[in-house]
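Following: one structure in structure tokens, then a few remarks.
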């Protein structure tokens, strides 16, 4: 049985979780996951896993230079690099790509069950500019705010970034996102792909090691637990066919719509 180590951030962990659910994988491969930084109690085990690995699936991220075991792999270990996928134009105000909402960031973990792990930069800005909660909600919903990016041009820049990413690999994953994001949901959050997209990544990166995967195989989608709603104007400008006016999203398993989510964010963080 070949030993496979999957290295990277939460997306790599998501691939690891999906592959563990597939008998066609687990019957042929022993799987291990290494986060970008190892906990002290995991060091000895993970070093041994690296030394014994036949295949390393390594996410192409900047944290690679911090990976403690990158020099422990054998010279004959097959290394397959794969990209970090995201599409920022779907959530153009997310704090991952913008100045943080420092209040929401500082208070995360204090408002269970209404904690927001993905903070909204624009709502943070509007907290200072519009003290009235209802007017703030309407301003955010209609995007009647100065200094916002052009949503279409922002997406065009993201499309160019994905195509540039594809030039560094042979998997065509950026083009897959470009070709399909309007017809189906590919991301739960700005950095959490759906199981379908992660299975697509897994199928393409495992082909070189002789494994064919069914990207539509029934699997549990662990990353679907939290889904920041897409702004209706973003969905309209980007022509997202799968988003409806009644669209609901998962807030730790509870269905919420856009209005409920935004109002609750304003209520929780003031």
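Numbering (our numbering), first residue to last: 2 to 271.
Ideal Cβ placement from N, Cα and C applies to all residues, glycine included.
Source: prediction; values computed, not measured.
Query                                                                                                                          : Result
Start-to-end residues for the beta strand (DSSP E) that takes in residue 14                                                    : Not the beta strand (DSSP E): residue 14 falls in the alpha helix (DSSP H), residues 11–20.
Limits of the beta strand (DSSP E) - the one that residue 26 falls within                                                      : Unbroken run through residue 26 is the alpha helix (DSSP H), 24–27; no beta strand (DSSP E).
Segments of 4+ residues assigned as alpha helix (DSSP H) that fall wholly inside the region 178–239                            : 196–207 and 233–238
Close-in-space but distant-in-sequence residues of the same chain around residue 45 (CB under 7 angstroms, 5 per side omitted) : none
Check whether residue 57 and residue 74 have beta carbons under 8 angstroms apart                                              : yes
Rounded separation between residue 270 and residue 95 - CA only                                                                : 16 angstroms
Three CB pairs or more closer than 8 angstroms across the region 252–269 and the region 166–174                                : no
Neighbourhood of residue 13 by C-beta, 6 angstroms cutoff - its chain only, sequence neighbours within 5 removed               : 7 and 60
Assigned exposure category for residue 133 - 16 Cβ within 10 Å defines buried                                                  : exposed
Within 8 angstroms, strictly: CB atoms of residue 55 and residue 4                                                             : yes
Separation of residue 31 from residue 228, as counted between CA atoms                                                         : 31 angstroms
Length of the line joining the Cα atoms of residue 87 and residue 135                                                          : 32 angstroms
Where residue 244 sits in the DSSP three-state scheme                                                                          : coil
Beta strand (DSSP E) segment containing residue 61, residue limits                                                             : 56–61
Contact test: residue 208 Cβ vs the ligand FAD heavy atom, cutoff 7 angstroms                                                  : Ligands in the displayed structure: none, and consequently the ligand FAD is not present.
Same chain, Cβ closer than 7 angstroms to residue 105, five either side skipped, listed in chain order                         : 117, 120, 125 and 270
Span separating the alpha-carbon of residue 144 from that of residue 52                                                        : 53 angstroms
Among 79, 156 and 189, nearest to residue 90 - alpha-carbon criterion                                                          : 156
C-beta atoms of residue 83 and residue 206 nearer than 8 angstroms                                                             : yes
Under 8 angstroms between C-beta atoms of residue 127 and residue 137                                                          : yes
Alpha carbon of residue 173 to alpha carbon of residue 197, nearest angstrom                                                   : 15 angstroms
C-beta contact flag for residue 195 and residue 186 at 8 angstroms                                                             : yes
Straight-line gap, residue 23 to residue 231 (C-alpha atoms, nearest Å)                                                        : 31 angstroms
Neighbour-count burial assignment, residue 234, 16 or more Cβ in a 10 Å radius                                                 : exposed
Spatial distance of residue 246 from residue 80 (CA atoms)                                                                     : 45 angstroms
For residue 63, the nearest candidate out of 150, 9 and 219 (CA to CA)                                                         : 9
Distance between residue 130 and residue 122 (C-alpha atoms, nearest Å)                                                        : 13 angstroms
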